[in-house]
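Start counting at 1 in the sequence shown, then tack on 6, and there's your number in this note's numbering.
Glycine included, every Cβ here is placed at the ideal spot set by N, Cα and C.
Owing to the predicted nature of the structure, the values given are computational and were not obtained by experimental measurement.
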Amino acid sequence: MAIEDHLAIGFKRISIVTRDKGEEIAKAIRDAGYGVTEIFGRGRDGVVTMINVNAKRKHVKDIENIALAVDETSFITVDDFSPVNHSGFWRK
Numbered sequence: 007m008a009i010e011d012h013l014a015i016g017f018k019r020i021s022i023v024t025r026d027k028g029e030e031i032a033k034a035i036r037d038a039g040y041g042v043t044e045i046f047g048r049g050r051d052g053v054v055t056m057i058n059v060n061a062k063r064k065h066v067k068d069i070e071n072i073a074l075a076v077d078e079t080s081f082i083t084v085d086d087f088s089p090v091n092h093s094g095f096w097r098k
């Protein structure tokens with residue numbers, strides 16, 4: 007596990023939930039070269055935007071920093087996943 011953390015091998019799904027800054031976060035992440043999916047929904051306190059980014063593990067901290075720079079109150083979760091194929095958008 008420690009070796010895996012050090013090598014940063016694999017893929018992560020980063021989910022960012024924000025009330026007011028969805029478009030700004032999505033744009034900043036896209037401008038950094040990552041693919042983004044925006045999903046609009048309703049949370050307990052009203053309308054929210056959920057931003058999903060599938061990225062290589064070594065890029066997670068960069069994406070978190072971008073999101074927090076735009077909205078320090080955004081809620082961020084990160085999950086492991088295994089892609090079925092490698093088509094789609096992947097930053098090198």
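**Segments of 3+ residues assigned as beta strand (DSSP E) that fall wholly inside the segment 44–88** = Correct list: 52–62, 81–87.
**Request:** Just tell me which of 19, 16, 18, 34 has its CA closest to the CA of residue 77.
**Result:** On the sequence shown, residue 77 is found 71 positions in, with the first residue counted as 1. Of 19, 16, 18, 34, the residue nearest in Cα terms is 34.
**Asked** Taking just the CA atoms, how far does residue 45 sit from residue 71?
**Response** In the sequence shown, the residue the question calls residue 71 occupies position 65. In the sequence shown, the residue the question calls residue 45 occupies position 39. For residue 71 and residue 45, the distance between alpha carbons rounds to 20 Å.
**Prompt:** Based on the DSSP output, what are the partners of residue 18 in its beta bridges?
**Reply:** Residue mapping note: residue 18 aligns to position 12 of the sequence shown, counting from 1. Beta-bridge pairing links residue 18 to 61, 86.
**Check whether residue 84 and residue 27 have beta carbons under 8 Å apart** = Locating residue 84 in the sequence shown gives position 78, where the first residue counts as 1. Locating residue 27 in the sequence shown gives position 21, where the first residue counts as 1. No, these two residues do not count as a Cβ contact at 8 Å.
**Request:** Could you tell me the boundaries of the alpha helix (DSSP H) in which residue 28 lies?
**Result:** Counted from its first residue, the sequence shown places residue 28 at position 22. It spans 28–37 - the alpha helix (DSSP H) in which residue 28 sits, taken as one unbroken run.
**Request:** Answer with buried or exposed for residue 23, where buried requires no fewer than 16 other C-beta atoms within 10 angstroms of its C-beta.
**Result:** Taking the sequence shown and counting its residues from 1, one reaches residue 23 at position 17. Classification of residue 23: buried, given that the 10 Å Cβ count is 16 or more.
**Prompt:** Is residue 42 helix, strand or coil by DSSP?
**Reply:** Mapped onto the sequence shown, residue 42 falls at position 36. Reduced to three states, the DSSP call for residue 42 is coil.
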